[in-house]
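These notes are about the structure you will find just below.
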Amino acid sequence: MTTTTPVEERGQTVLSERAVERIATMALTEVDGVGGAARRVLGIAVDGEDLDRDAQVTARVRGDEITLQARLSVAYPAPVTATTEAARLHLVRRVGELTGRTVSRVDITITALHSDISARRRVQ
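Okay, here's the thing in structure tokens:
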């Protein structure tokens with residue numbers, strides 16, 4: 074005879090904040106027009122803020138609730154408000170889907186706008 078242990082007695086799953094940060098960072102790569110932010114040490118940028126870099130995400134996990142703070146750049150001339158709202162909605166959906174937790178808040182800081190300078194330059 075096989076018995077199955079009830080779900081509430083199987084143990085606890087702990088989701089680290091670092092794991093959530095990695096999930097959120099990868100989710101942001103799925104959003105068009107969103108790029109990376111420079112890592113900072115004592116407020117000083119230590120690398121570039123290119124579109125092909127990863128965004129910087131900080132996560133807080135409290136029980137079944139997650140809050141995120143993201144630092145990212147946006148491709149110009151994409152509308153900043155629409156791009157950040159798309160990023161926010163995508164983070165709520167994807168991080169929630171992949172973690173099984175509720176994302177209650179997403180704060181976004183835009184660190185740079187990137188334009189395609191080579192496309193604007195012309196020989197006169």
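To convert a position in the sequence shown, counted from 1, into this note's numbering, add 73. All C-beta atoms, glycine included, are put in the ideal place defined by N, C-alpha and C.
Residue i, DSSP secondary structure in three states
i, result
"Ala97", "helix"
"Glu138", "strand"
"Gly109", "coil"
"Leu88", "coil"
"Thr131", "strand"
"Ala155", "helix"
"Val179", "strand"
"Thr77", "coil"
Candidates the options: closest to residue i by CA position
i, options, result
"Val130", "Gln85, Arg166, Glu170, Thr98", "Thr98"
"Asp105", "Thr184, Val134, Arg161", "Arg161"
"Leu88", "Leu101, Val107, Gly136", "Gly136"
"Leu171", "Pro150, Thr76, Gly84, Ala100", "Ala100"
"Arg126", "Glu103, Val168, Pro150", "Glu103"
"Val168", "Glu138, Thr76, Gly84", "Glu138"
"Arg133", "Arg166, Gly84, Arg174", "Arg174"
Residues near residue i in its chain [Cβ-Cβ closer than 8 Å; skip 5 each side]
i, result
"Val147", "Gly106, Val107, Gly108, Val153, Thr156, Thr157, Ile183, Ala185, Leu186, His187"
"Leu164", "Ala97, Ala100, Leu101, Leu141, Ala143, Val176, Val179"
Sequence-distant residues of the same chain with beta carbon closer than 7 Å to residue i, five excluded per side
i, result
"Ala110", "Glu122, Ala128, Gln129, Arg144, Leu145, Ser146, Thr184"
"Tyr149", "Leu186, His187, Ser188"
Discussion item. Would you call the stretch 75-86 in contact with the stretch 136-154, where contact means no fewer than 3 C-beta pairs closer than 8 Å?
Written reply: Contact fails: fewer than three Cβ-Cβ distances are below 8 Å.
Discussion item. Does the structure place the stretch 89-100 close enough to the stretch 151-158 that three or more beta carbon pairs sit under 8 Å?
Written reply: By the C-beta criterion, the stretch 151-158 is judged not to be in contact with the stretch 89-100, since fewer than 3 inter-stretch pairs fall below 8 Å.
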